[in-house]
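These notes concern the structure reproduced below.
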Amino acid sequence: MSIARQTPLPRGVLQWADAPRTETLDAGEIHIIAVALDEPDAAARSLIDQSITAAERTRAHRFHFAVDRDRFLVGRAVLRGLLAQHTGRAPDDIPIVEGARGKPLLATGIDDTLQFNVSHSRGLALIALTRLGELGIDVEAIHDLSDLVSVAERYFAPDERAVIRELDGQARIEAFFTCWTRKEAYIKALGEGLAHPLDRFVVATRAGEPARFLRIGDDTSAGSGWTLADLRPAPGFVGALAIQTPNARLRCWRW
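In our numbering, the protein residues as written are 172 to 426.
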């Protein structure tokens, strides 16, 4: 099923539609697909049979719980289906390798412009694809954490910690996950993961506050070269996307 092209929206205002099955990835675009891992549709189930490699099946069976195994298989199958669509290769003929910090990548020579990133939390995955450069995406289920403040004190920058301390209740929880996903998306875009100190940069922290960098290192203007966007793919989840290019156009679908 395909859908009509969406009209570009103001930055930070995103609409989600049913996922297309035959959609081109235009220059300047980022495609974001939300995948329900616990309720795969017929297309996702078919992709599991068509695309999952023997190594991936072995990896899946290492999960202790069946639900985690099944979620991995659904997410990887949909990823392979999307990569196949944009590379012209069969879903099971796409070498996915790991970078130096464990970030999944297409093997060199498959399609040197196509970049992707994946995040999952509980029963939801987000997959992002683009030809603009390396990008990072993160999604988290919003839930109470007994050590929320101590985690923020350990990892967040002083400005961000101050916001977390002054809030309470649900506002504090949402601010924490808003901040966490924005920061996680950024370090994934860098390809460094948690090896990059989370207190070396500052993002707007309050839920509902437009996603933006307040400072990268000591540079308060460095964020102008980035697109940092909030994602609300499903009730109870918050996500973010980061890429080092300004004014990227995001197109969002639910699989």
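Idealized CB from N, CA, C, for every residue including glycine. Keep in mind the model is a prediction, meaning the values are calculated, not measured.
Same chain, Cβ closer than 8 Å to residue i, five either side skipped, listed in chain order
i    : result
P181 : Note that P181 scores 35 on pLDDT, short of 50, meaning its location in the model is unreliable; the coordinates nonetheless yield the value given after this. Contacts found: none.
I281 : T258, R260, I265 and P266
L196 : H202, H257, L285, L300, T301 and R302
T178 : Per-residue confidence for T178 stands at a pLDDT of 30, beneath the threshold of 50, marking its modelled position as unreliable; the derived number appears in the next sentence. If we look at T178 and ignore the five residues flanking it on each side, it has no Cβ neighbours.
V184 : Here the model assigns V184 a pLDDT of 47, short of 50, so the residue's position is not dependable and the matter cannot be decided.
L319 : I335, R343, I344 and F347
Identified DSSP bridge partners for residue i
i    : result
D189 : R425
V289 : I298
V409 : E311
V373 : R386
A207 : L295
A400 : L412
I267 : L277
I201 : T301 and L421
L218 : In the DSSP output, where bridge partners are listed per residue, L218 has none listed.
CB contact flag (residue i, residue j, <8 Å)
i    : j    : result
V409 : A296 : no
D330 : L277 : no
R420 : I201 : yes
R240 : H232 : yes
T416 : A378 : no
R272 : G364 : yes
A413 : A356 : yes
G362 : E305 : yes
S150 : V310 : Since the displayed the chain opens at 172 and closes at 426, residue 150 lies outside it and no answer follows.
A393 : L402 : no
T376 : A346 : yes
L369 : G294 : no
G307 : I358 : yes
F287 : L254 : yes
I204 : I313 : no
Neighbourhood of residue i by C-beta distance below 6 Å, restricted to the same chain and skipping five residues each side
i    : result
R176 : The pLDDT assigned to R176 is 29, lower than 50, so where the model puts this residue is not dependable, and the model offers no usable value.
Y326 : L369
P211 : V245
N418 : none
S131 : Nothing about residue 131 can be read from this structure; the chain reaches only from 172 to 426.
Contacts around residue i, its chain only, beta-carbon distance under 7 Å, and the 5 residues preceding and following it disregarded
i    : result
L218 : A248, V249, R251, G252 and P262
E324 : R332
Q221 : P262 and D263
V334 : A346, T376 and R377
A237 : none
Inter-residue CB distance, residue i and residue j (contact presumed, cutoff 8 Å)
i    : j    : result
V168 : R353 : The requested residue 168 does not occur in the structure, where the chain is confined to residues 172 to 426.
Closer than 7 Å: residue i CB and nearest the ligand PLP heavy atom
i    : result
T391 : The model on display carries no ligand, and the ligand PLP is accordingly not part of it.
Notebook entry, point to check: Taking the runs of the alpha helix (DSSP H) that are 4 residues or longer, which of them lie wholly in the region 330-372?
Noted result: 340-361
Checklist line | alpha helix (DSSP H) segments (min. 4 residues) lying fully within the region 224-254 | finding: 225-231
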